[in-house]
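Asker:
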């Protein structure tokens, strides 16, 4: 079977009731264009979200609709070709961060991002996925992490953390309540998260552990759009959690790790979990409300919060980070469109792993810049390490001097001293 | 006609504020079902609009259409808009008479050849050389053909001009015909109704001034924005129809309770017009609110379609059986087709080759 045929078979397999309903319901109003930062910042109509799905739409018509089948048989509807999929690859991968803002804008309720995610299944099966994302996925499957970090890297951080804090970092502790998973960006670049969670969990008396065979939450399979590969990566966490008999798995500050673990997970592995998934921000807010998380001192700098798309739009985690920020940041301000309608940093959905997309993602950062320019802050806090890297890149590209910090670390910096 | 006078300037002179003008534009945009943003476009275009020349010809008619337009809402912004076109000829409204009146029409037709709007009310008698209605010694047919030549577009105001109307009712002694039966080479817009709703006339004119073209029309040449739905669709008594509550006579309990007038011959279900939404007499009400069924005056041949008090025909049992069989057959076909579709999807799932990291190489 040719790669193209394999891709088309995958499209046919992916098209389901919701997709048929969405394509049927689409009224071609174009409102999704103004919801997508790739359109608003370039004004190029090819970035209209629903347009990115054109080949999928045609296959749906040709395979599943009466008139489409008829026109296809009569030669009036052209078959989807390799060249066409190659032309669509940058639209489906480089100019979509799976941020889901278009799905909120659609007046007839079409979940457009759901369809882009499904379309990627056929794109990757037909061989039309970006090289950068292929490389990241290969590293994730082969080495254990898209950024090439491995257990040795993690062990080094654990030893350093234990030395620095004087606290032990539990590893492979059976029967712990919570299993902490991290993102590769945290392990590789923002390793201060190790000591942050160690100190917070110590103060709050949380029974937790890390797993030597399930520490990496980033799921490149979701980003490249292959459920087969996504499931393979996810199984590592599921097996580790069930081996250690934990009650909860903590999703790290990483948008697509959260989506993979929390929302796609059971469908990917084909059965329910024997544990629950909670985002680190949700857990910290829960500890706060129970009085187990106490902070001291305030950070007087003017601060704002960048809502990671997967957290707000998929998970509805909007209030929790604000509750936490209000503990330590008296000069907290909201940027325009914050919360559910926040604009993507431009690097989600595998775009930041795709070198070819770099000029485009830096260009569309103008939207985030405008949001920041409107409020003039010194510090931007976020709860996704991928957003954090993209924000740093974008700010540097625009010569803006704004600090970027992770929410968990910010809270850890202000932990009440009695517990330090 | 003062060419330099823009509409906005004239309105200011007459004490109409810009705010009132914008409200009118927004109302027009929504009446015509234009996108929300177009209210400003309407305002901009109308404000700068030069008064186009309009020639209004009245043929076999009762002047009810003119009455509807000039008296029912007067004076409102709508009638002022009407002032803002250059009405160069209108029997009833013009001050001039006799030779001076006819000269004014001739002058306008020459000066604005190819640009003026021709409004017609009344049907045109064609039998016996059109002798049944003449003006200044010339037949209506002659006048229409002459005026139509130089018109940019023709607006047939009222059911007589649009569809022949009462003069065309059996036995049609004068051989009355509609404008569209006689003129084939000009865009014609039918604003039917006996009489038509004033805002429909002003709405069409506003559309023409704004966009320079006529609005979207239905298969009978009527603007869809106003004739797109039936009276029945928008009737405030529709819930009673849906509940099967009907007035049986004009003085029974059902009539007093304001139930549906379907069984008393209301033609709402087959009549396309905007009465139920825009209403009459400055928004006071429409016939059904006064307790009488719709007579269907905006539809062709309404005068020969039987008694106004005979209920519309209901589907017979046979139709129901046929429809039932068709529905079952259609559902059966749909089930068969969707089973095929499901089998196809399942086949793809079964033959799915698992994607491995090796597939990402090359």
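Protein chains in written order, with this note's numbering: chain Z, 1 to 420; chain V, 1001 to 1362.
Cβ coordinates follow ideal geometry from the N, Cα and C atoms, glycine included.
Helix, strand or coil, according to DSSP, for residue 1074/V in the structure here?
Answerer: Counting from one through the second chain, the residue named residue 1074/V turns up at place 74. At residue 1074/V, the pLDDT of 41 sits below 50, so the modelled position is not reliable; the number obtained from the coordinates is stated separately. Residue state, collapsed to three classes: coil.
Asker: Count the other C-beta atoms from every protein chain shown that fall within 10 angstroms of the C-beta of residue 277/Z, then say buried if there are 16 or more, exposed otherwise.
Answerer: The sequence position of residue 277/Z within the first chain is 277, counting from 1. So residue 277/Z counts as buried.
Asker: Flag this pair as touching only if the segment 1289–1308 of chain V and the segment 1151–1169 of chain V have three or more C-beta atom pairs under 8 Å; answer yes or no.
Answerer: Yes: at least three Cβ pairs fall under 8 Å.
Asker: Rounded C-beta distance between residue 181/Z and residue 252/Z? I'm assuming under 8 Å.
Answerer: As a working mapping, residue 181/Z is identified with position 181 in the first chain. As a working mapping, residue 252/Z is identified with position 252 in the first chain. The pair is a contact, with the Cβ atoms about 6 Å apart (cut-off 8 Å).
Asker: Can you find a C-beta in chain Z that's less than 7 Å from the C-beta of residue 1075/V?
Answerer: As a working mapping, residue 1075/V is identified with position 75 in the second chain. Here the model assigns residue 1075/V a pLDDT of 44, short of 50, so the residue's position is not dependable, and the following value carries that caveat. Residue 1075/V does not count as touching chain Z.
Asker: Counting only Cβ-Cβ distances shorter than 8 Å, please list the residues of the segment 1322–1346 of chain V near chain Z, keeping chain order.
Answerer: Hits within the stretch, in order: 1337, 1341, 1344, 1345.
Asker: Establish whether the CB of residue 1358/V and some CB of chain Z are separated by less than 7 Å.
Answerer: Reading the second chain from its first residue, position 358 is the one you call residue 1358/V. So, not an interface residue.
Asker: Would you list, in sequence order, the uninterrupted alpha helix (DSSP H) runs of no fewer than 4 residues that lie entirely inside the segment 1160–1187 of chain V?
Answerer: Taking only runs of at least 4 residues, the alpha helix (DSSP H) segments lying wholly in the segment 1160–1187 of chain V are 1179–1182.
Asker: Whole alpha helix (DSSP H) runs in the segment 58–88 of chain Z with 4 or more residues, listed along the chain?
Answerer: If we require 4 residues or more, the alpha helix (DSSP H) runs fully inside the segment 58–88 of chain Z come out as 66–73.
Asker: Would residue 240/Z pass as a contact of residue 268/Z if the rule is Cβ separation under 7 Å?
Answerer: Taking the first residue of the first chain as position 1, residue 240/Z is located at position 240. Taking the first residue of the first chain as position 1, residue 268/Z is located at position 268. No, they are not a contact pair.
Asker: Around the C-beta of residue 420/Z, are 16 or more other C-beta atoms found within 10 angstroms, so that it is buried, or is it exposed?
Answerer: For the purposes of this step, residue 420/Z is identified with residue 420 of the first chain, where counting begins at 1. Reliability of the predicted coordinates at residue 420/Z is poor, the pLDDT of 43 falling under 50, and the value obtained from them is presented with this limitation in mind. Exposed, since its Cβ has fewer than 16 Cβ neighbours within 10 Å.
Asker: Would a check of beta-carbon distances place residue 9/Z closer than 7 Å to chain V?
Answerer: Residue numbering aside, residue 9/Z sits at position 9 when the first chain is read from its first letter. Output row for residue 9/Z: interface = yes.
Asker: At 3 residues or longer, what runs of the beta strand (DSSP E) sit wholly inside the segment 1182–1235 of chain V?
Answerer: You should have 1188–1191.
Asker: Are residue 1061/V and residue 1121/V closer than 7 Å when you measure CB to CB?
Answerer: By one-based count along the second chain, residue 1061/V stands at place 61. By one-based count along the second chain, residue 1121/V stands at place 121. The answer is yes: Cβ separation under 7 Å.
Asker: Under 7 Å, do residue 299/Z and residue 333/Z count as touching if we go by C-beta distance?
Answerer: As a working note, residue 299/Z is residue 299 in the first chain. As a working note, residue 333/Z is residue 333 in the first chain. Not a contact, by the Cβ cut-off of 7 Å.
Asker: Output yes if chain V places a C-beta closer than 7 Å to the C-beta of residue 105/Z; else output no.
Answerer: In the first chain, residue 105/Z corresponds to position 105, counting from 1. No, because no Cβ of chain V sits closer than 7 Å to the Cβ of residue 105/Z.
Asker: Of all the beta strand (DSSP E) runs that stay within the bounds of the segment 119–182 of chain Z, which reach a length of 3 or more residues?
Answerer: The segment 119–182 of chain Z contains these whole beta strand (DSSP E) runs: 178–180.
Asker: Let me know the secondary structure DSSP gives residue 422/Z once reduced to three states.
Answerer: This structure cannot speak to residue 422/Z, because chain Z is shown only from 1 to 420.
Asker: Where does residue 1338/V sit, in a helix, a strand or coil, going by DSSP?
Answerer: Counting from 1 along the second chain, the entry for residue 1338/V is found at position 338. In the structure shown, residue 1338/V sits in a helix (DSSP, three-state: H, G or I).
Asker: Is it the case that the segment 63–83 of chain Z contacts the segment 129–142 of chain Z, given that we only count it when at least three CB pairs across the two stretches are under 8 Å?
Answerer: No: fewer than three Cβ pairs fall under 8 Å.
Asker: Kindly indicate if chain V contains any beta-carbon less than 7 Å away from that of residue 183/Z.
Answerer: Against the first chain, residue 183/Z aligns to sequence position 183. Not closer than 7 Å to any Cβ of chain V, the Cβ of residue 183/Z fails to qualify, so no.
Asker: Please say whether residue 188/Z and residue 222/Z have beta carbons closer to each other than 7 Å?
Answerer: Within the first chain, residue 222/Z is the residue found at index 222, counting from 1. Within the first chain, residue 188/Z is the residue found at index 188, counting from 1. No, the pair does not count as a contact, with Cβ atoms beyond the cut-off.
Asker: Which residues in chain Z have a C-beta closer than 8 Å to the C-beta of residue 1351/V? List them in chain order.
Answerer: By 1-based counting over the second chain, the position of residue 1351/V is 351. Within chain Z, the residues near residue 1351/V are 9.
Asker: Please list, in chain order, all residues of the same chain as residue 1047/V whose beta carbon is under 7 Å from its beta carbon, the five residues on each side excluded.
Answerer: Against the second chain, residue 1047/V aligns to sequence position 47. So the qualifying residues of the chain are 1006, 1007, 1008.
Asker: Under 7 Å Cβ-Cβ, which residues of chain V neighbour residue 125/Z?
Answerer: Here the question's residue 125/Z lines up with position 125 in the first chain. Simply 1355.
Asker: Closest to residue 383/Z by CA distance: which of 320/Z, 346/Z, 337/Z is it?
Answerer: Taking the first chain and counting its residues from 1, one reaches residue 383/Z at position 383. Nearest of 320/Z, 346/Z, 337/Z to residue 383/Z, Cα basis: 320/Z.
Asker: Can you find a heavy atom of the ligand ZN that lies under 6 Å from the Cβ of residue 1282/V?
Answerer: With respect to the ligand ZN, the structure offers nothing, as it holds no ligand at all.
Asker: Go to residue 1009/V, then tell me how far its alpha helix (DSSP H) extends in each direction, as first and last residue.
Answerer: As a first step, residue 1009/V is located in the second chain; it is residue number 9 there, counting from the start. Segment 1007–1013, the alpha helix (DSSP H) holding residue 1009/V.
Asker: Just to make sure I have the definition right: I need the residues of chain V whose C-beta is within less than 8 Å of the C-beta of residue 142/Z. Which are they?
Answerer: Residue 142/Z sits at position 142 when you count from the first residue of the first chain. What residue 142/Z touches in chain V: 1357.
Asker: Hey, does residue 1348/V have any beta-carbon neighbour from chain Z nearer than 7 Å?
Answerer: Counted from its first residue, the second chain places residue 1348/V at position 348. At least one chain Z Cβ lies under 7 Å of residue 1348/V.
Asker: Three-state secondary structure (DSSP) at residue 378/Z?
Answerer: Within the first chain, numbered from 1, the residue matching residue 378/Z stands at position 378. The answer is coil: DSSP assigns residue 378/Z none of H, G, I, E or B.
Asker: Nearest-angstrom Cα distance between residue 1011/V and residue 1049/V?
Answerer: Position 11 of the second chain, counted from the start, is the residue given in the question as residue 1011/V. Position 49 of the second chain, counted from the start, is the residue given in the question as residue 1049/V. Spanning the two alpha carbons is a distance of roughly 12 Å.
Asker: Tell me, which residues are paired with residue 91/Z by DSSP?
Answerer: By 1-based counting over the first chain, the position of residue 91/Z is 91. Paired residues: none, contrary to the question.
Asker: Quick check on DSSP: helix, strand or coil for residue 1249/V?
Answerer: The sequence position of residue 1249/V within the second chain is 249, counting from 1. Residue state, collapsed to three classes: coil.
Asker: Could you tell me the distance, in whole angstroms, from the CA atom of residue 1027/V to the CA atom of residue 1043/V?
Answerer: For this step, residue 1027/V is matched to residue 27 along the second chain. For this step, residue 1043/V is matched to residue 43 along the second chain. Taking the straight line joining both Cα atoms gives about 11 Å.
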